[in-house]
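Numbering (my numbering), first residue to last: 8 to 203. Let me begin by presenting the structure, written as structure tokens, before commenting on it.
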Ligand code: ITT
């Protein structure tokens, strides 16, 4: 199965997760490519369209991912426009927009879409947190300004393992892996019902 994305960081996090989910034997190949993102107010729709395009390219089972950062006091901006806003305003632009806002609540959402050769399915992970007052030094994307709930450490200052404990991507991937395990039992060496 392929994972198609232009973002190496996503693949790194997904591989770290797969290595810690030992019951799942899934070999994931990375195809680096920027897929088209349609205009839609739904991450699910964007992810599905990415999955159709990725399948046309690979002609193999494929997963893709679409993410969005939703900031409460900005009426859920940047949301589905997160990629464009990151490339244009960046983290500094986001902090400027929040300059006078007391409410810094935000959520991060990941939608993983699978094309299994016949149909497209989506798996979602959502977490809540806060936008920081300052831009922390390390991390990619919005990681330097996003502090997940139940910790005061921004994503940008977490190692892969710790980020995966909190992350929207981990939740979506876990959903996908549950589906994958249930639907690939015949090929799974760890299936307890498998004939020895
Ligand atoms: P694709 O090629 O997979 O589309 P992308 O980087 O364009 O990669 P998205 O459109 O899914 O990714 O993501 C929207 C934005 O959110 C984009 O600027 C990402 O860098 C950022 N982002 C996504 N997941 C993130 C995470 O876990 N931490 C920080 N920023 C993240």
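Beta carbons: idealized from backbone N, C-alpha and C, even for Gly.
Beta-carbon proximity check, residue 136 vs residue 155, cutoff 8 Å: A distance below 8 Å separates the beta carbons of residue 136 and residue 155.
Near ligand 1: residue 84 beta-carbon under 7 Å from a heavy atom: Checking the 7 Å criterion, the Cβ of residue 84 is out of range of every heavy atom belonging to ligand 1.
Residue 62 vs residue 53 beta-carbon contact at 8 Å: Not closer than 8 Å, so no.
Three-pair Cβ contact test at 8 Å for the segment 181-190 versus the segment 24-38: The segment 181-190 is in contact with the segment 24-38.
Every unbroken beta strand (DSSP E) within the segment 135-169, with a cutoff of 3 residues, ordered by chain: Here the runs fully enclosed are 153-155.
Cβ-based neighbour list, residue 110, same chain, cut-off 8 Å, excluding 5 preceding and 5 following: Closer than 8 Å at Cβ, skipping near neighbours: 79, 80.
Residue environment, residue 163, which counts as buried when at least 16 other CB atoms sit within 10 Å: A residue is called buried when at least 16 other Cβ atoms come within 10 angstroms of its Cβ; residue 163 meets this threshold and is buried.
Check: residue 150 C-beta below 7 Å from any heavy atom of ligand 1: Taking the Cβ of residue 150 as the reference point, at least one heavy atom of ligand 1 falls within a distance shorter than 7 Å.
Delimiting residues of the beta strand (DSSP E) encompassing residue 71: Unbroken beta strand (DSSP E) run through residue 71: 69-78.
Close-in-space but distant-in-sequence residues of the same chain around residue 44 (CB under 6 Å, 5 per side omitted): 53, listed in sequence order.
Whole-number beta carbon distance between residue 116 and residue 91, since they are thought to touch under 8 Å: Beta-carbon to beta-carbon, residue 91 and residue 116 are separated by about 16 Å, too far to satisfy the 8 Å threshold.
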